[in-house]
Structures are given as C-alpha cells and as structure tokens.
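S.K.: Sharing a structure here in structure tokens format.
Number of protein chains: 2
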Amino acid sequence: MKKTGCRYGTHRVISPEGVLPQAALKIDNDMDIYDNEILVDVIALNIDSASFTQIEEEAGHDTEKIGRKIMEIVEDRGKMQNPVTGSGGMLIGVVEEIGDALKDKIDLKAGDRIATLVSLSLTPLKIEKIMDIKKDIDRVEVEAKAILFESGIYAKLPKDMNENLALAALDVAGAPAQVAKMVKPGDSVLILGATGKSGMMCAYEAMKRVGPTGNVVATDLREEALELLLKNRFCHKAFSGDARKPVEVMNRALEMNGGREYDIAINVVNVQNTEMSTILPVRDGGIVYFFSMATSFTKAALGAEGVGKDVTMVVGNGYTKGHAEITLQELRESEALRKIFEELYV
Amino acid sequence: MKKTGCRYGTHRVISPEGVLPQAALKIDNDMDIYDNEILVDVIALNIDSASFTQIEEEAGHDTEKIGRKIMEIVEDRGKMQNPVTGSGGMLIGVVEEIGDALKDKIDLKAGDRIATLVSLSLTPLKIEKIMDIKKDIDRVEVEAKAILFESGIYAKLPKDMNENLALAALDVAGAPAQVAKMVKPGDSVLILGATGKSGMMCAYEAMKRVGPTGNVVATDLREEALELLLKNRFCHKAFSGDARKPVEVMNRALEMNGGREYDIAINVVNVQNTEMSTILPVRDGGIVYFFSMATSFTKAALGAEGVGKDVTMVVGNGYTKGHAEITLQELRESEALRKIFEELYV
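The structure is reproduced here in structure tokens:
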C-alpha cells in the first residue's frame with residue numbers, strides 16, 4: 004500500500020528542511036505517487052512571463068539553449084522554478100493516475116484534461132524531452148510528468164471553448180470569483196483598473212450580483228476602453244482618472260454614486276500608490292479589496308488609519324472554492340466578453 | 004462665518020497639489036480653524052522612535068541641536084514629519100476650540116485632555132517654544148498649537164489611570180479592538196507573536212470573546228513570556244515556536260486544537276516571513292488577520308493560493324470605531340495586565 008503524504012507536499016521537500024515546496028531549493032520529483040497525489044501527463048508548460056524573458060535573454064534568444072536551460076533547472080530543482088526570478092508558471096496535461104486516498108473525494112478521473120492553477124514553482128516535474136518552444140507565447144511543449152499535491156488546485160479544461168481562451172480567463176480566476184461571493188444585490192461597487200483583463204471580469208461579475216438595484220462604477224486611465232465597458236453594460240457608469248491621485252478619484256467617484264460612499268471598492272490596478280484612491284471612496288464598515296500585486300501592505304494599513312476609515316481591507320486571495328467554474332461561466336454567458344477576450348488575449 | 008474644509012484636510016495641502024496631507028511636503032499651519040476642525044493646545048509631542056533616533060544622530064545627541072532641527076522641520080513643512088524617515092508620532096494636548104460644524108457631533112469639549120491617534124505626519128502644527136526634550140522617551144515638551152481634521156482620530160485621556168500607561172496601550176489600540184469585533188464565542192484563535200505588547204492585549208481580548216467554549220492558543224519564541232500568559236489566563240494553551248517555520252508551527256498549533264484547523268489566526272509578529280505560519284493552521288472559510296507591519300502583501304496573496312487555502316486575509320487597520328475605549332477597558336478590568344504593562348512599558 005502506498006504512503007500518504009502531507010497535503011501541502013512537504014514530504015517531497017529535500018532542502019532546506021522545514022519549508023514548504025515553494026520555498027524549497029530542491030524537491031523530490033520521483034514519479035511514483037503517494038496515496039494522496041495526482042500524476043499528470045504533461046502536454047505543455049506555460050512559463051511565467053518574467054521567468055521566460057529572463058531565460059530567453061540569458062540564452063541569447065537561441066531556442067536550443069532555452070531548452071537546455073529549462074532542462075537544467077528542472078533536473079537541479081525537481082521543479083520549474085526560475086532561480087533568478089523565483090517564479091514558475093502553470094501546466095496543461097492529462098490526468099494519468101489518482102492516488103487511492105483522493106479518488107472518491109475529487110471530481111476528476113484519469114483521462115481528464117486539466118490546467119494546474121498552482122504555480123510550477125512548487126510542482127514536482129520530470130521532463131523526458133522538450134518537443135517545441137513557442138517563444139511568442141512563453142509556451143514549452145514537452146514529454147513530461149508532474150505531480151499535484153492534495154492541496155493543489157486545478158481546473159478541468161472545458162470542452163465547449165477554445166483552450167487558450169479558457170487559459171486567459173483562468174489566469175485571473177481569483178478576482179471575479181471573490182467578487183461573485185462578496186457583492187450583494189443593491190451594493191455600490193467601485194472598480195479601479197477596470198479595463199484590464201481582471202478588471203473587466205470583475206466588472207461583469209459585479210453587474211450580475213448587484214442588479215438591478217446596485218451601482219457599479221468603473222475607472223481607469225483609458226477613456227476608450229471605458230467606452231467599451233459602458234457599451235457592453237459591464238458597468239453602470241465610468242470615469243477616466245489616475246488612481247495615483249486619491250482626492251480627484253474620490254471626488255469623481257462620489258459624484259457617480261449620488262454623493263454617497265461605496266459599499267465595496269476593488270483594486271485591480273497594476274501600478275503602485277493606488278491604495279488611498281481605493282480606501283477614500285468607501286463607507287465606514289465597507290470593504291476594500293486589493294487584488295493588485297503592486298499593493299503595499301503598510302501603505303494600506305497606515306493610510307486607512309491616517310484618514311480614520313473603519314473599513315475592512317482584504318488581501319486578494321488567488322484561490323477561492325469554485326473560482327475556475329465561476330470565471331469560465333462568464334465567458335459562456337456573455338458573448339460580448341468572450342469576443343473581447345478572443346480579440347485581446349488569445 | 005467660518006469656512007468648512009475637506010474632512011481629510013486636503014484644504015490645507017500647499018504642495019504638491021492633489022495629494023492628502025500625509026503625502027504633502029508642505030501644509031498650511033495657520034491656526035485660525037475651519038468650521039470642521041479642532042484646535043489643540045499642545046503639551047507634548049511623542050516623536051516616532053525611528054524619526055527621533057535619526058534626528059538625534061544627525062544632531063550628534065546635542066539637545067539644543069535636536070530642538071533646532073525639530074523647529075526647522077515644522078517651520079518648513081507645517082507638520083512634524085521627519086523628511087528622512089517620513090514618520091511622525093503623536094501628541095498630547097488640551098482641546099482649545101471646536102469648530103461649529105463639529106460641536107454637536109462629537110463627544111469632546113474645550114478643556115478635555117486628549118492624545119491624537121493620527122500621525123503627526125499629517126497634523127498641522129505650529130511650535131512657539133520647545134520647553135524640554137526627554138531623550139530617553141522620545142518626548143518633546145512644547146508650547147504649541149495643532150489642528151485635528153474632521154477625520155482625525157483621538158482618545159480622551161482617562162482620569163482613572165496613569166497617562167503613560169494609557170499611552171502605552173493606545174499605541175497599539177487597533178489590534179485588540181479588531182479582535183474584540185471579530186472573535187465570536189466558541190471560536191478557536193491562534194495568536195502569533197503573542198508575548199509582545201499588542202499580542203498580549205489581543206490574547207486577553209480573545210479569551211474574553213471566545214469564552215467559555217472557545218480555544219485561544221498563543222505562540223512566540225520566548226518560553227518564559229508564554230508562561231506569564233498562561234499563568235495569567237491570557238490564553239488556554241501556548242507553545243514556543245519560530246513563526247518563520249510554517250510546517251513546525253502548523254503541526255504544533257493543530258496539536259493544541261485537537262487536530263482541527265483554527266477559525267482565526269492573528270499575526271502580531273515583528274519579523275518577516277511569517278505569512279505561511281499564519282495561513283496554514285486556518286480552516287477554509289476562516290480569517291487570517293495580519294497586524295504586523297512586516298507582512299508582505301505578495302507573500303500572503305501568492306502563499307494562500309499556492310496551498311489552495313480559501314481563507315479571508317485581512318490587512319490590519321489601526322483604526323476601528325471605539326478602539327481606544329476597548330483597549331483602555333482591558334487595563335481597567337485586568338489587574339494582571341495592568342501590572343505587566345506598568346512593569347514593562349511605563
């Protein structure tokens with residue numbers, strides 16, 4: 004009988020001791036699975052953009068050298084984690100074997116085509132052969148095996164849409180799913196950075212959840228992109244503004260909500276110093292949701308105190324139950340959103 | 004009739020335009036108040052420790068030079084914000100005048116002795132004369148006036164306890180007040196960094212709120228200090244552990260909660276890399292509360308996703324309604340806590 008491993012995969016950490024797989028320098032990539040692991044026959048690696056760029060430059064843009072570098076990293080670490088950037092990426096593959104302890108607990112069977120939604124930087128991987136490297140989309144096609152831990156998250160790739168379309172949406176699955184769970188009918192919602200990939204999905208989801216009595220207001224720098232949101236009814240109102248200018252954003256935002264402060268503000272802006280623009284327009288007792296990786300913890304914490312705002316500030320968690328399903332559903336039900344995604348991100 | 008200013012004080016920002024008073028380089032410290040401002044007759048400035056140390060070193064520990072430097076900063080900026088560290092501090096004073104628009108809205112009258120709980124880095128200040136500088140406690144006694152904006156937070160200094168005791172507690176008022184509001188009867192609560200000033204107050208408050216059916220577990224490095232918490236019943240159980248070692252902390256923490264994951268974890272540790280130790284022991288749907296300024300936003304966000312934890316992660320807000328009252332109440336009702344505070348922090 005097979006052994007049961009730690010649900011977080013610490014049983015595969017070789018060094019340093021006592022850390023989680025993501026922080027480890029070397030993990031065990033023996034492909035004989037534990038009782039609570041999933042073995043995946045890997046089709047392709049989608050390398051994180053920062054990581055791929057670094058490797059490509061180090062290799063002087065030579066495809067063969069890029070391949071050798073990737074093989075070296077995986078042989079050395081047991082996972083595809085770029086030692087310079089620390090980042091990984093995700094993979095696409097077919098489920099080959101599911102450990103007995105998991106079989107009846109999860110909605111997955113051998114043969115299912117999945118994308119992993121945990122980082123390659125913590126995923127045991129063994130590459131037999133690199134088949135092709137598509138430099139324009141940071142994709143490496145391989146003959147390889149990988150292992151998903153019990154805590155590992157994944158999405159079954161839907162059969163009713165283009166794979167790259169699904170991947171583009173799954174890439175930002177956390178944010179719209181959190182919006183779906185948090186926003187209630189009648190809420191007023193301000194979305195900062197609303198014209199990006201994540202922003203559009205959040206706006207669409209917020210519209211669905213507040214309706215018909217709420218108010219969703221979108222803001223971003225780009226006037227034209229905001230027109231697109233308005234035209235497609237992904238928001239009730241929109242204004243162009245610089246999220247680094249809190250007073251201006253607050254004044255415009257309040258104007259668009261009948262002078263009242265908002266129940267919820269969602270930050271998906273990808274520049275720094277936008278914390279105050281997110282905090283100021285929200286009412287006492289309201290929620291400020293930071294999904295931007297450019298958020299500064301101390302600027303948010305000290306900023307809210309400085310203006311005496313009794314708001315709950317939440318760190319955007321990339322994972323919440325059902326996040327992949329909620330996100331893909333948006334593309335299924337909105338032809339407009341799907342068309343925009345196909346045009347911009349596929 | 005007097006004019007009404009912005010509740011956040013932007014009407015006093017001189018440069019750069021469009022920012023909040025904290026981010027401003029120069030604010031207007033004219034002591035003729037607006038309709039919604041409070042004029043304070045200042046007794047003493049408690050300079051932020053990082054700021055005082057920097058000024059003291061620049062002045063070669065010469066008291067007179069320290070005083071001159073402080074005068075210069077305030078003349079230049081209209082507020083006591085150290086240009087090197089960016090930080091401020093707080094002040095103690097007596098309310099001199101309250102603008103008409105505020106008079107009936109707030110629980111304050113002329114003659115009340117208060118401590119401001121917003122930073123000096125955003126408070127209009129005009130110093131007439133420095134009376135004394137107490138280098139051992141970073142305190143500057145002054146003849147000065149200051150202004151509190153409508154959004155400014157403050158605490159009336161209690162008459163039933165030593166002023167320095169009250170200040171020591173008010174300094175960390177946010178954390179225990181958030182615990183008071185968040186923790187429910189029956190909850191299991193893990194407190195990381197429990198033996199510090201903030202940690203002890205959080206533990207005491209958690210005990211009060213979970214009782215008698217909950218479980219409060221304290222952890223920190225210092226065995227001896229944990230004994231003090233146990234002896235005084237500020238927690239049900241305690242274990243010594245290094246919060247930078249997530250697997251170890253998780254295993255010990257689960258042991259102390261009957262193998263179950265926690266409803267809430269509170270991080271008041273003051274070292275880096277303790278995010279995962281806070282996230283791992285919490286159940287799906289539970290709350291992870293980061294109160295440490297050493298928290299990394301990205302480590303928290305990516306870390307929770309990496310282990311597939313559907314937890315709500317909250318950025319500790321130093322302000323919540325009634326925070327000063329909740330915190331001072333702890334010292335009133337617990338003789339044990341008061342004695343520890345008097346010994347360690349006064």
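From first to last, the protein sequence lines are chains A and B. Just so you know, we're using the numbering used here here: the first sequence kicks off at 4 and counts up by one. Just so you know, we're using the numbering used here here: the second sequence kicks off at 4 and counts up by one. Note that the Cβ used here is the ideal one computed from N, Cα and C, for glycine as well. Since the structure is predicted, the reported quantities are computational estimates derived from the model, not experimental observations.
1. Residues in the stretch 298-316 of chain A with C-beta within 8 Å of chain B's C-beta atoms, listed in sequence order?
2. Which word fits A/Gly288, buried or exposed, when buried means at least 16 other C-beta atoms lie within 10 angstroms of its C-beta?
3. Could you say if the stretch 156-163 of chain A and the stretch 186-204 of chain A meet the contact criterion of at least three C-beta pairs nearer than 8 Å?
4. Taking B/Asn165 as part of the alpha helix (DSSP H), name the residues at either end of that continuous run.
5. Have a look at B/Gly177 and A/Arg247 and give me their C-alpha separation to the nearest angstrom.
6. At what residue ranges does the stretch 309-336 of chain A contain a whole run of the alpha helix (DSSP H), taking only runs of 4 or more?
7. Output yes if chain B places a C-beta closer than 7 Å to the C-beta of A/Thr13; else output no.
8. Which residues of the stretch 88-113 of chain B have a Cβ closer than 7 Å to any Cβ of chain A? Give them in chain order.
9. I think B/Ala53 touches B/Leu94, with their Cβ atoms under 8 Å apart; what is that distance to the nearest whole Å?
10. Is the shortest distance between the beta-carbon of B/Ile17 and the beta-carbons of chain A less than 7 Å?
11. Check whether the Cβ atoms of B/Ala221 and B/Cys238 lie closer than 7 Å to each other.
12. Rounding to the nearest angstrom, what Cα-Cα distance links B/Met296 and B/Val252 in this structure?
13. What does a CB cutoff of less than 8 Å around A/Met134 pick up in its chain, not counting 5 residues either side in sequence?
14. Would you mind listing the beta strand (DSSP E) stretches within the stretch 216-272 of chain B that are 3+ residues and don't spill past its ends, in chain order?
15. Cβ of B/Thr66 within 7 Å of Cβ of B/Ile136?
16. Count the other CB atoms within 10 Å of the CB of B/Val175; is the residue buried (16 or more) or exposed (fewer)?
17. What three-state label does DSSP hand B/Lys108 in the structure shown?
18. With DSSP as the reference, please indicate the residues paired to A/Met93 in a beta bridge.
19. Whose Cβ in chain A lies nearer than 7 Å to the Cβ of B/Glu251?
20. So the candidates are A/Ala172, A/Pro24, A/Gly311 and A/Val45; which of them puts its Cα closest to the Cα of A/Ile343?
21. In angstroms with no decimal places, state the Cα-to-Cα distance between A/Tyr11 and B/Asp266.
22. Could you tell me the alpha carbon to alpha carbon distance between B/Glu328 and B/Phe293, rounded to whole angstroms?
23. Can you round the beta-carbon distance between A/Asn270 and A/Thr298 to whole angstroms, since I take them to be within the 8 Å contact cut?
24. Exposed or buried, which one is B/Thr323 when buried takes at least 16 other CB atoms within 10 Å?
25. Let me check understanding here. Comparing Cα to Cα, which of B/His326, B/Ala303 and B/Glu336 lies closest to A/Gly321?
26. Return the Cβ separation of A/Arg2 and A/Thr198 in integer angstroms, given the expectation that the two are a contact with Cβ distance under 8 Å.
27. Name, please, each residue of chain B whose Cβ falls closer than 9 Å to the Cβ of A/Thr119.
28. For B/Glu61, verify whether its CB is less than 6 Å away from any heavy atom of the ligand NAD.
29. If B/Leu168 sits next to B/Glu345, beta carbons under 8 Å apart, how far is it from one beta carbon to the other, in whole angstroms?
30. Using a Cβ-Cβ cutoff of less than 8 Å, which residues in the same chain neighbour A/Leu340 once the five nearest sequence positions on both sides are dropped?
31. List the residues of chain B whose Cβ lies closer than 8 Å to the Cβ of A/Thr323, in chain order.
32. Compare the C-alpha of B/Ile140 against each of B/Gly8, B/Gly319 and B/Glu59 and name the closest.
33. Using a Cβ-Cβ cut-off of less than 7 Å, give me the residues of the stretch 250-280 of chain B that come near chain A, in sequence order.
34. Indicate whether at least one CB of chain A lies closer than 7 Å to the CB of B/Asn39.
M.R.: In short, the structure shows the following:
1. Thr298, Ser299, Phe300, Thr301, Ala303, Ala304, Leu305, Gly306, Ala307, Glu308, Gly309, Val310, Gly311, Lys312, Asp313, Val314, Thr315 and Met316
2. The sequence position of residue 288 of chain A within the first sequence is 285, counting from 1. A/Gly288 is exposed by the Cβ-count criterion.
3. no
4. In the second sequence, the residue the question calls residue 165 of chain B occupies position 162. Per DSSP, B/Asn165 belongs to no alpha helix (DSSP H) and is neither H nor E.
5. What you label residue 177 of chain B is simply residue 174 of the second sequence in a count that begins at 1. What you label residue 247 of chain A is simply residue 244 of the first sequence in a count that begins at 1. Distance between the alpha carbons of B/Gly177 and A/Arg247 is about 26 Å.
6. 326-336
7. For this step, residue 13 of chain A is matched to residue 10 along the first sequence. Chain B contact via Cβ: present.
8. none
9. The residue labelled residue 53 of chain B in the question sits at position 50 within the second sequence. The residue labelled residue 94 of chain B in the question sits at position 91 within the second sequence. About 17 Å separates the two Cβ atoms, so there is no contact after all.
10. Locating residue 17 of chain B in the second sequence gives position 14, counting from the first residue. Not one chain A Cβ lies under 7 Å of B/Ile17.
11. What you label residue 221 of chain B is simply residue 218 of the second sequence in a count that begins at 1. What you label residue 238 of chain B is simply residue 235 of the second sequence in a count that begins at 1. Taking 7 Å as the Cβ cut-off, B/Ala221 and B/Cys238 qualify as a contacting pair.
12. As a working note, residue 296 of chain B is residue 293 in the second sequence. As a working note, residue 252 of chain B is residue 249 in the second sequence. One C-alpha to the other measures close to 20 Å.
13. Position 131 of the first sequence holds residue 134 of chain A. If we look at A/Met134 and ignore the five residues flanking it on each side, its Cβ neighbours are Glu144, Val145 and Glu146.
14. 218-223, 240-243 and 265-270
15. Within the second sequence, numbered from 1, the residue matching residue 66 of chain B stands at position 63. Within the second sequence, numbered from 1, the residue matching residue 136 of chain B stands at position 133. Cβ atoms of B/Thr66 and B/Ile136: closer than 7 Å.
16. Translated into the one-based positions of the second sequence, residue 175 of chain B becomes position 172. Per the 10 Å Cβ criterion, buried.
17. The residue given as residue 108 of chain B occupies position 105 in the second sequence. Coil, per DSSP.
18. Here residue 93 of chain A corresponds to residue number 90 of the first sequence, with the count starting at 1. Note: A/Met93 sits in a beta bridge opposite A/Asn49.
19. Looking up residue 251 of chain B in the second sequence gives position 248. What B/Glu251 touches in chain A: Gly21.
20. Mapped onto the first sequence, residue 343 of chain A falls at position 340. Residue A/Ala172 is the option with its Cα nearest to A/Ile343.
21. Sequence index remark: in the first sequence, residue 11 of chain A carries index 8 (1-based). Sequence index remark: in the second sequence, residue 266 of chain B carries index 263 (1-based). Computed Cα separation, rounded: 19 Å.
22. Along the second sequence, one-based indexing puts residue 328 of chain B at 325. Along the second sequence, one-based indexing puts residue 293 of chain B at 290. Computed Cα separation, rounded: 22 Å.
23. Counting from one through the first sequence, the residue named residue 270 of chain A turns up at place 267. Counting from one through the first sequence, the residue named residue 298 of chain A turns up at place 295. Yes, A/Asn270 and A/Thr298 are in contact; Cβ-Cβ is about 7 Å, under 8 Å.
24. One-based indexing of the second sequence puts residue 323 of chain B at position 320. When all chains shown are included, B/Thr323 counts as buried.
25. Indexing the first sequence from 1 puts residue 321 of chain A at position 318. Of the listed residues, the one whose Cα sits closest to A/Gly321 is B/Ala303.
26. Because chain A in this structure spans residues 4 to 349, residue 2 of chain A falls outside the shown range and cannot be described.
27. Position 116 of the first sequence, counting from 1, holds the residue named residue 119 of chain A. Near A/Thr119 there are no residues of chain B at all, since even the closest Cβ is about 11 Å away, more than 9 Å.
28. Summarising the ligand content, the structure contains no ligands, and the ligand NAD is consequently not present.
29. Within the second sequence, the letter at position 165 stands for residue 168 of chain B. Within the second sequence, the letter at position 342 stands for residue 345 of chain B. The Cβ separation is near 6 Å, so the contact holds.
30. For the purposes of this step, residue 340 of chain A is taken as residue 337 along the first sequence, with counting starting at 1. Once the five neighbours on either side are set aside, the close Cβ partners of A/Leu340 are Met203, Met204, Tyr207, Asn235, Phe237, Glu333 and Leu334.
31. Numbered from 1 along the first sequence, position 320 holds the residue referred to as residue 323 of chain A. Asp313, listed in chain order.
32. On the second sequence, position 137 is the one that residue 140 of chain B refers to. Per the Cα distances, B/Glu59.
33. Val250, Glu251 and Met279
34. Looking up residue 39 of chain B in the second sequence gives position 36. For B/Asn39, the answer is no, since every Cβ of chain A falls outside 7 Å of its Cβ.
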